[in-house]
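Enquirer:
Residue numbers (our numbering): 1 to 706.
(1) Buried or exposed for residue 461, please, with buried defined as at least 16 other CB atoms from any protein chain shown within 10 angstroms of its CB.
(2) Unbroken alpha helix (DSSP H) runs of length 4 or more, entirely within the stretch 363 to 442: which are they?
(3) So what's residue 113 in DSSP terms, helix, strand or just coil?
(4) Please work out which residues of its chain come closer than 7 Å, Cβ to Cβ, to residue 328, disregarding the five sequence neighbours upstream and downstream, and give them in chain order.
(5) Using the rule of at least 16 other Cβ atoms within 10 Å of the residue's Cβ for burial, across every protein chain shown, is residue 551 buried or exposed?
(6) Based on Cα-Cα distance, which residue from 195, 564, 401 lies nearest to residue 541?
(7) Can you tell me where the beta strand (DSSP E) with residue 254 in it begins and where it stops?
(8) Write down the C-beta distance between residue 217 and residue 132 rounded to the nearest angstrom, noting that I regard them as a contact closer than 8 Å.
(9) Roughly how many whole angstroms lie between the Cα atoms of residue 511 and residue 517?
(10) How long is the line joining the alpha carbons of residue 418 and residue 352, rounded to whole angstroms?
(11) Does the Cβ of residue 594 lie closer than 8 Å to at least one heavy atom of the ligand COA?
(12) Is the beta carbon of residue 645 closer than 9 Å to that of residue 659?
(13) Note the first and the last residue of the continuous beta strand (DSSP E) segment covering residue 635.
(14) Throw me the rounded Cβ distance for the residue 52 and residue 97 pair, which I believe falls under 8 Å.
(15) Where residue 628 and residue 672 are concerned, what is the direct C-alpha to C-alpha distance, given to the nearest angstrom?
(16) In its own chain, which residues sit with a C-beta less than 8 Å from the C-beta of residue 539, not counting the 5 before and 5 after it?
(17) For the beta strand (DSSP E) containing residue 642, list its first residue and its last residue.
(18) Contact between the stretch 630 to 639 and the stretch 573 to 591: three or more CB pairs below 8 Å?
(19) Rounded to the nearest angstrom, what separates residue 24 and residue 331 at their Cα positions?
(20) Between which residues of its own chain and residue 663 is the CB-CB distance below 6 Å, once the five residues before and five after are set aside?
(21) With a threshold of 8 Å, are at least 3 pairs of Cβ atoms found where one atom belongs to the stretch 587 to 604 and the other to the stretch 272 to 279?
(22) Excluding the 5 residues flanking residue 16 on each side, which residues of the same chain have their C-beta closer than 8 Å to its C-beta?
(23) Excluding the 5 residues preceding and the 5 following residue 82 in the sequence, name in chain order all residues of the same chain whose CB lies nearer than 8 Å to its CB.
(24) Give me, in chain order, the residues of the same chain whose beta-carbon lies closer than 7 Å to that of residue 32; leave out the 5 immediate sequence neighbours on both sides.
(25) Residue 607 to residue 412, Cα distance in whole Å?
(26) Are residue 505 and residue 537 closer than 9 Å when you measure CB to CB?
(27) Helix, strand or coil for residue 595 per DSSP?
(28) Would residue 543 and residue 609 qualify as a contact pair, given that the criterion is a beta-carbon distance under 9 Å?
(29) Quick test of your reading: residue 356 and residue 423, contact by CB under 8 Å. State the CB separation rounded to the nearest angstrom.
(30) Any idea which residues DSSP pairs residue 311 with across the strands?
(31) Beta-carbon separation of residue 235 and residue 140 under 9 Å?
(32) Would you check if there are 3 or more beta carbon pairs closer than 8 Å linking the stretch 196 to 214 to the stretch 159 to 177?
(33) Compute the Euclidean distance between the alpha carbons of residue 304 and residue 68, then round it to the nearest angstrom.
(34) Kindly indicate which three-state DSSP category residue 178 falls into: helix, strand or coil?
(35) The beta strand (DSSP E) with residue 528 in it runs from where to where?
(36) Tell me which residue opens and which closes the beta strand (DSSP E) that residue 446 is part of.
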């Protein structure tokens, strides 16, 4: 690197305080660690633009940071833990460099227990890089942990006490110390800053060769940073220094920020695209059949929403023109373009969001439960007003059986967008009557099923729900004939089977006019199993399918223009399964809904194999192996490949066979993969096999004894 280049870097660094918007302002000063100067406290060396943790205090000094000429490219920085003290009086000190200022506190050389330290401040910075990357070599003592830490913040923190060697707190004040900014000070932070983002690489490995390491940055909010600091340490800093040893050495070189143009999360109408992958660039999104506008799109990366200056969206239409989302890295050096094809499809969802009675949500409403019993006060004479809140704007609903009086019932039907799928919900209304008047009392003293009292029976409680395990058959639930009640002699009781899972006990008081009811519901717990047993692609079960793995990539043959058929095997008969078929180089979705409404989504990315199988094959593109008793298999990943078998004398033992091309999803030499098989019963002879291409060009020859 030239001297003029470093002058440019230094000039950029000087302009950071006025928030320069040039590209150089977004990078780190002296990132190649080529130039050094005397340490800021007069001890040792430090890279220009950085500060080293070299120590001088109470007549004691130690060099922990120095230059080294054997960098990955030119010079590098050598960071090495050393003992700081006089004789045996002292302690190992952490070696590191930082953009901020290292500080060291010791009341005297004799007060080892009170020693503490940290890093104060950083540099002015208003950008949001995605990753800190650097090259390192390292040797360690007792597997101590090296660190590369970056953090960004706004505002100013003040700390007034910091943990020392003894584990207590030493009172000393610092502004924007690393532990205060990051919320790690276990003693006293009197004023916190706003931590915006941080990333850290930590490793206890030894690196004998130069190795690229990265610390991805996570952002906690969308605030624009004001300051930033980077700390690169040899061992156990930041963090506990209790196990620090003298001798750990870290060489660091070519540190830089990476600004990505890829996206980690993309949202349509504030809802994330299912299992979005920043390395997949084409998507299809299904809208309701009658939707005519494309919903708003937002992009996120590293925990923050990208600004309008970073994302350019050109909205397409619903007739085939895709929407393009072009993301530009914050440093302007790269762009990534995603496309979303929005298409209309009739929805089959007939489950509403919820149902209200007189504008009050129906208790415990679940779109998969279709019958409800509701108690109303004794003075209620009017049927409640029913309203359905759709879960999709295209749903329609109507009251197909209205309530005509109290007590009574009503039936509501919800119609999906495709008009074929409909769900009906029955709501039974009961009137509570609770009085001790001998002539008007409708209170029972007990309800029994098979002569066993309801465990939670109360005379004034009118609705009971008894649950049964998943899988219980409706036919095994109690019926009205199994019920018995304890009632007053003057009361009249009718026990009615309302439906398969509901028994209603009507009680008429002695006056012959006053009537009330007890309702006993039997609820069979619904299964939450939304896992498939298998996914089938072109009538073949998906290899290595795991019910709890939801993303799969399936390779399509070179030049494929359509995706294969998709099928499935349910994990339980009660599941509902919907398939949304995507396009080539796109994702297809399998939505699985459990009996209780739990949903899982399987995604299959059908990617076209980019290599032309007709290109001239190499020995790596063919395989010949023993796959069973007396059975050999030849396979290839290319077109126009044949194989012949000959004796050692050159006699042709089998005709030249064309070898079918292996499915790109199969491992070439897998015994079960596509290929051609040969059976040899004779043993102890030597054979020669020969792979050829286009009937003449030799690819691979070999011998085998059998």
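Virtual Cβ for every residue (Gly too), placed ideally from N, Cα, C.
Expert: This is what the structure gives:
(1) Position 461 of the chain shown, counting from 1, holds the residue named residue 461. Label assigned to residue 461: exposed.
(2) none
(3) Mapped onto the chain shown, residue 113 falls at position 113. In the structure shown, residue 113 adopts helical secondary structure according to DSSP, grouped into three states.
(4) On the chain shown, residue 328 is found 328 positions in, with the first residue counted as 1. So the list reads 261, 310, 335, once near-sequence residues are dropped.
(5) In the chain shown, the residue the question calls residue 551 occupies position 551. Residue 551 should be labelled exposed.
(6) Looking up residue 541 in the chain shown gives position 541. Answer by Cα proximity: 564.
(7) Working through the chain shown from its first residue, we reach residue 254 at position 254. From DSSP, the beta strand (DSSP E) with residue 254 extends over 249 to 258.
(8) Here residue 217 is taken as the residue at index 217 of the chain shown, counted from 1. Here residue 132 is taken as the residue at index 132 of the chain shown, counted from 1. 7 Å between Cβ atoms; contact.
(9) As a first step, residue 511 must be located in the chain shown, where it is residue number 511. As a first step, residue 517 must be located in the chain shown, where it is residue number 517. If I take the Cα positions, the gap works out to 16 Å.
(10) Translated into the one-based positions of the chain shown, residue 418 becomes position 418. Translated into the one-based positions of the chain shown, residue 352 becomes position 352. Each residue's alpha carbon lies about 15 Å from the other.
(11) Inclusion of the ligand COA in the displayed structure is not the case, the ligand content being empty and no account of it being possible.
(12) Residue 659 sits at position 659 when you count from the first residue of the chain shown. Residue 645 sits at position 645 when you count from the first residue of the chain shown. No. Outside cutoff.
(13) Within the chain shown, residue 635 is the residue found at index 635, counting from 1. Its beta strand (DSSP E) spans residues 631 to 636.
(14) Residue mapping note: residue 52 aligns to position 52 of the chain shown, counting from 1. Residue mapping note: residue 97 aligns to position 97 of the chain shown, counting from 1. Sure, about 5 Å apart at Cβ, within 8 Å.
(15) Against the chain shown, residue 628 aligns to sequence position 628. Against the chain shown, residue 672 aligns to sequence position 672. Cα-Cα distance, rounded: 11 Å.
(16) The residue given as residue 539 occupies position 539 in the chain shown. The answer, listed in chain order, is 565, 567.
(17) Position 642 of the chain shown, counted from the first residue, corresponds to residue 642. Residue 642 -> beta strand (DSSP E) spans 641 to 647.
(18) no
(19) Sequence index remark: in the chain shown, residue 24 carries index 24 (1-based). Sequence index remark: in the chain shown, residue 331 carries index 331 (1-based). Note on residue 24: pLDDT 40, under 50, position unreliable in the model; the coordinate value appears next. Spanning the two alpha carbons is a distance of roughly 9 Å.
(20) Residue numbering aside, residue 663 sits at position 663 when the chain shown is read from its first letter. Counting only Cβ-Cβ distances below 6 Å, and skipping sequence neighbours, we find 674.
(21) yes
(22) Taking the chain shown and counting its residues from 1, the one referred to as residue 16 is at position 16. Reliability of the predicted coordinates at residue 16 is poor, the pLDDT of 37 falling under 50, and the value obtained from them is presented with this limitation in mind. 25, 123, 124, 125, listed in sequence order.
(23) Numbered from 1 along the chain shown, position 82 holds the residue referred to as residue 82. 62, 63, 64, 92, 93, 95, 246.
(24) Residue numbering aside, residue 32 sits at position 32 when the chain shown is read from its first letter. Within the same chain, residue 32 has close Cβ partners 1, 73, 74, 253, 254.
(25) In the chain shown, the residue the question calls residue 607 occupies position 607. In the chain shown, the residue the question calls residue 412 occupies position 412. Each residue's Cα considered, the two are about 45 Å apart.
(26) Position 505 of the chain shown, counting from 1, holds the residue named residue 505. Position 537 of the chain shown, counting from 1, holds the residue named residue 537. No. Outside cutoff.
(27) Reading the chain shown from its first residue, position 595 is the one you call residue 595. Residue 595 falls in the coil class under three-state DSSP.
(28) Residue 543 sits at position 543 when you count from the first residue of the chain shown. Residue 609 sits at position 609 when you count from the first residue of the chain shown. It is not a contact, given that the beta carbons lie outside the stated cut-off.
(29) Position 356 of the chain shown, counting from 1, holds the residue named residue 356. Position 423 of the chain shown, counting from 1, holds the residue named residue 423. About 17 Å separates the two Cβ atoms, so there is no contact after all.
(30) Counted from its first residue, the chain shown places residue 311 at position 311. Per DSSP, 327.
(31) For the purposes of this step, residue 235 is taken as residue 235 along the chain shown, with counting starting at 1. For the purposes of this step, residue 140 is taken as residue 140 along the chain shown, with counting starting at 1. Yes, the pair counts as a contact, with Cβ atoms nearer than the cut-off.
(32) no
(33) Reading the chain shown from its first residue, position 304 is the one you call residue 304. Reading the chain shown from its first residue, position 68 is the one you call residue 68. Rounded to whole angstroms, residue 304 to residue 68 spans 39 Å at the Cα level.
(34) Residue numbering aside, residue 178 sits at position 178 when the chain shown is read from its first letter. Per DSSP, reduced to three states, the secondary structure at residue 178 is helical.
(35) Counting from 1 along the chain shown, the entry for residue 528 is found at position 528. It is not in any beta strand (DSSP E) - residue 528 carries neither H nor E in the DSSP assignment.
(36) Numbered from 1 along the chain shown, position 446 holds the residue referred to as residue 446. Unbroken beta strand (DSSP E) run through residue 446: 446 to 449.
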